Amino acid sequence: MYREHFGLKEAPFSLAPDPRYLFMSGGHQEALAHLLYGIRNDGGFVLLTGEVGTGKTTVCRCLLEQVPDDTDIAFIINPKMDAGELLATICDELGIPYAYGTTSIKSLVDALNAYLLDTHARGRKTVLIIEEAQNLSADVLEQLRLLTNLETNRRKLLQIIMLGQPELQDKVSRPELRQLAQRITARYHLGPLSRDEVVAYVSHRLSVAGVSRQVFPSPVIKRLFRLSKGTPRLVNLLCDRALLGAYVQGQDRVSASILAQAAREVLGDAREKGFRGKSYRWAAAALLLLLCGAVLFIVSHRHLSRPPLPAVAAERLSPAVVQWPAGQPRSRSRELAFRELFRQWNLVYASRGPACRQAEEQGMRCFTRQGSIQSLRLLNRPAVLRLFDGGGREFYAALTALRGQRATLVVGGETRNVEIRDMALQWTGSFTLLWKAPPDYQGDIRPGSRGPAVRWLAEHLALARGEKGEPVEPATFDEPLVRQVKEFQRTKGLLPDGVAGAETLIHLSNTAEGGTSPFLLRKGDA
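Numbering of the sequence shown is given in our numbering, commencing with residue 565 and proceeding in unit increments.
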């Protein structure tokens, strides 16, 4: 009803999990990092808990977009079932055949075990994700624990990720489930958004929907934070109802009184003075307006249109430190950011053609992820970041250095030194960095591989240990080399899986390369 009134392309605060509206706060980034660790880890449980509406499903959907190609997912949304039904559902999700109508737990476990052994032999992993896991009974949780006993001599065959409300933590802490609790390899509790994150969240969603001007003034945003307590789902409900209220009243911005009425309708707070039987006042008024308009149209055969709203001076919703420079076309922000990233590596950047393809032609690779400031510190390479300014408008910047608590950004060709905590409030969590791949690199280097990439791996592992990187012949990724890779991964805080993936190779390059390569941090920086 209100989209044309505000110039919106679509409703910005829909509860539908549209990936275009994904907003990764610091907490969401850390939660995603825990889930990604769970997928890369061998066996055990990972727990993600949070109150209703804090964004657990959003994080999970972001996770599913980053699942490696060699991973199969079984996703269970409604776990209110007994052990036999759960096993049958897992088999259905993975396409495992079993006798129709069987309720035999042994038969279902045998079928699942055979499937897991087969996928393991083909170099694939299997992950089970369970939403609303607080609804699992103790018997079903015990059956899940038993599933983690399915293993080979070297690794567990099934990784289980459970998402649920805080009572899930209480449930797995019961004495009768202590064996399950001991197999939890990672836990994370997702909290609400901070006030500054609510500011960025609202700006982000309005921007995606096509409006960059301020619709919620700063005092209203503060009130919104207090009412919602930073819960994204409540923020969406309150903002949606407030926009409807502003439309009905013919206002181009949401006022404090409009938000208060929205809160009474959404939260059902009858204690507000004067609130008696008004739950649907705005919705009814909006429908009445539409009906009146239709009647007038039929009677007069004239098109009635609302006069254009007066322009509203843009007011920053938050103290956005990083702003796009005036006079620079924002459409070039990504190009300018990648141009600076290429300059850091002494590479040639052309205005035409995808940046990552240009990098590959010059012996480099792109590494794109959702992450956190800590992720950037650990990878320690310049990166292109996607940010939003105080008006919710998207732009890109090149991060070239981290010095203590300050970051150096190149924005539209201009260098800015800002506080890391301020930059983090504007950053979406998305980043792309460049790294130099080994010779003949075709992807993750796995045990049993041979060739120049394996030789490079062996030589750089030796350099990382402080030894001379002597040429290795024949270059085979054998068991001793697997042990070396795992040991290196442990020293860098990586999952010690023995597979030389992009992150492992980046860390190896960082350890072995000298002062000619660009780093975010230098020795002595923290």
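Heads up, the beta-carbon is just placed ideally off N, CA and C, and yes, glycines get one too. Given the structure is predicted, the values throughout are model-derived calculations rather than measurements.
Next item on the list: Just mark L628 as buried or exposed, buried being the case when its beta carbon has 16 or more other beta carbons within 10 Å.
Entry: L628 comes out exposed.
Notebook entry, point to check: Just to confirm, are T613 and L754 a CB contact at a threshold of 8 Å?
Noted result: Pairing T613 with L754 gives a Cβ-Cβ distance under 8 Å.
Notebook entry, point to check: What span of residues does the beta strand (DSSP E) with F639 cover, start to end?
Noted result: Counting along the chain, the beta strand (DSSP E) containing F639 begins and ends at T635 to I640.
Next item on the list: Output the distance between the C-alpha atoms of E983 and A965, rounded to the nearest integer angstrom.
Entry: E983 and A965 have their C-alpha atoms some 12 Å from each other.
Next item on the list: Using the Cα positions of G935 and G590, report the straight-line distance between them to the nearest angstrom.
Entry: Cα-Cα distance, rounded: 9 Å.
Notebook entry, point to check: Which residues bound the beta strand (DSSP E) around I693?
Noted result: In the DSSP annotation of this structure, the continuous segment of the beta strand (DSSP E) that includes I693 starts and ends at K689 to I694.
Notebook entry, point to check: When DSSP builds the beta bridges, which residues end up paired with I1009?
Noted result: According to the DSSP secondary-structure assignment, I1009 is paired through a beta bridge with A1064.
Next item on the list: Take L900 as the anchor and find which of P1002, K1056, A947 and A806 has the nearest alpha-carbon.
Entry: Across the set P1002, K1056, A947 and A806, the C-alpha of A947 shows the shortest separation from the C-alpha of L900.
Margin query: For the ligand GDP, I want to know if F906 counts as a neighbour, meaning its beta carbon is within less than 7 Å of at least one of the ligand's heavy atoms.
Written below: This structure lacks the ligand GDP, and indeed carries no ligand of any kind.
Notebook entry, point to check: If we count the other Cβ atoms within 10 Å of its Cβ and call it buried at 16 or more, is Q825 buried or exposed?
Noted result: Around the beta carbon of Q825, a 10 Å sphere encloses 16 or more other beta carbons of the protein chains shown; the residue is thus reported as buried.
Item checked: Straight-line Cα distance separating F587 from R625 -> If you take the alpha carbons of R625 and F587, they lie about 12 Å apart.
Next item on the list: Kindly provide the ranges of any beta strand (DSSP E) runs that are 3 or more residues long and lie completely inside the stretch 703-764, ordered along the chain.
Entry: DSSP runs (the beta strand (DSSP E)) wholly in the stretch 703-764: 723-728 and 748-754.
Notebook entry, point to check: Looking at the structure shown, is G1085 part of a helix, part of a strand, or coil, going by DSSP?
Noted result: The sequence given here places Leu at residue 1085; Gly does not occur at that position. DSSP places L1085 in coil when its eight states are reduced to three.
Next item on the list: Answer yes or no: do I1009 and A923 have a C-beta to C-beta separation smaller than 8 Å?
Entry: For I1009 and A923, no; Cβs fall outside 8 Å.
Next item on the list: Identify every residue that forms a DSSP beta bridge with T952.
Entry: Per the sequence presented here, residue 952 reads as Phe, with Thr not at that position. Per DSSP, E958.
Next item on the list: State the start and end residues of the unbroken alpha helix (DSSP H) segment that holds W1020.
Entry: Taken as a continuous stretch (DSSP letters only), the alpha helix (DSSP H) holding W1020 covers P1016 to A1028.
Next item on the list: Give the DSSP-derived three-state secondary structure of F609 in the structure shown.
Entry: In the three-state DSSP reduction, F609 falls in the strand class (E or B).
Check: In terms of DSSP beta bridges, what is K1000 paired with?
Finding: Per DSSP, M928.
Next item on the list: For the alpha helix (DSSP H) containing T653, list its first residue and its last residue.
Entry: Looking at the DSSP string, the run of the alpha helix (DSSP H) that includes T653 is A647 to L658.
Check: CB I694 to CB I748, shorter than 8 Å?
Finding: It is not a contact, given that the beta carbons lie outside the stated cut-off.
Check: Is it true that the CB of G794 sits closer than 8 Å to the CB of P756?
Finding: Yes, the Cβ-Cβ distance between P756 and G794 is below 8 Å.
Note to self: Since F577 and H768 should fall inside the 8 Å C-beta cutoff, what is the C-beta to C-beta distance between them, to a whole number of angstroms?
What the structure shows: For a cut-off of 8 Å, the C-beta gap from F577 to H768 is around 11 Å, too long to register as a contact.
Item checked: Test item: CB-CB of G1012 and F1041 under 8 Å -> Against a cut-off of 8 Å, the Cβ pair of F1041 and G1012 comes out as a contact.
Check: Just how far apart, CA to CA, sit F839 and V830?
Finding: Low confidence applies to F839: its pLDDT is 36, below 50, so where it sits in the model is not reliable, and the reading given next is rough at best. When rounded, the distance between both Cα atoms is 13 Å.
Margin query: Would the stretch 673-689 count as touching the stretch 725-742 if we require 3 or more Cβ pairs under 8 Å?
Written below: Flag = no, the stretch 673-689 and the stretch 725-742 do not touch.
Next item on the list: Please determine, among F931, R898 and A1066, the residue with the shortest C-alpha to C-alpha distance to R916.
Entry: Answer by Cα proximity: R898.
Next item on the list: Express the C-alpha separation of K573 and R777 in angstroms, rounding to a whole number.
Entry: Distance between the alpha carbons of R777 and K573: 14 Å.
Note to self: Across the stretch 661-674 and the stretch 591-606, are there enough close Cβ pairs to call them in contact, namely three or more that are closer than 8 Å?
What the structure shows: These segments do not touch.
Notebook entry, point to check: In terms of residue numbering, what span does the beta strand (DSSP E) encompassing T621 cover?
Noted result: Run containing T621: none in the beta strand (DSSP E); it sits in the alpha helix (DSSP H), K620 to E629.
Notebook entry, point to check: Whose CA, out of Y585, L579, G648 and G571, lies closest to the CA of D992?
Noted result: One point to set straight first is that residue 992 is Thr, not Asp, in the sequence displayed. It is Y585 whose Cα lies nearest to the Cα of T992.
Margin query: Applying the 10 Å Cβ sphere with the 16-neighbour rule, what's the burial state of N713?
Written below: Label assigned to N713: exposed.
Next item on the list: Taking all protein chains shown into account, decide if P1002 is buried (16 or more other Cβ within 10 angstroms of its Cβ) or exposed.
Entry: Buried, by the Cβ-count rule.
Checklist line | Burial state of D1061, where buried means 16 or more other Cβ atoms lie within 10 Å | finding: Here D1061 is buried. Its C-beta has 16 or more other C-beta atoms within 10 Å.
Notebook entry, point to check: Closest by CA to L681, which one among R718, Q1053 and N699?
Noted result: Nearest neighbour of L681 by Cα position, chosen from R718, Q1053 and N699, turns out to be R718.
Checklist line | Start and end residues, beta strand (DSSP E) containing A971 | finding: Where A971 is concerned, the enclosing beta strand (DSSP E) stretches over R970 to V975.
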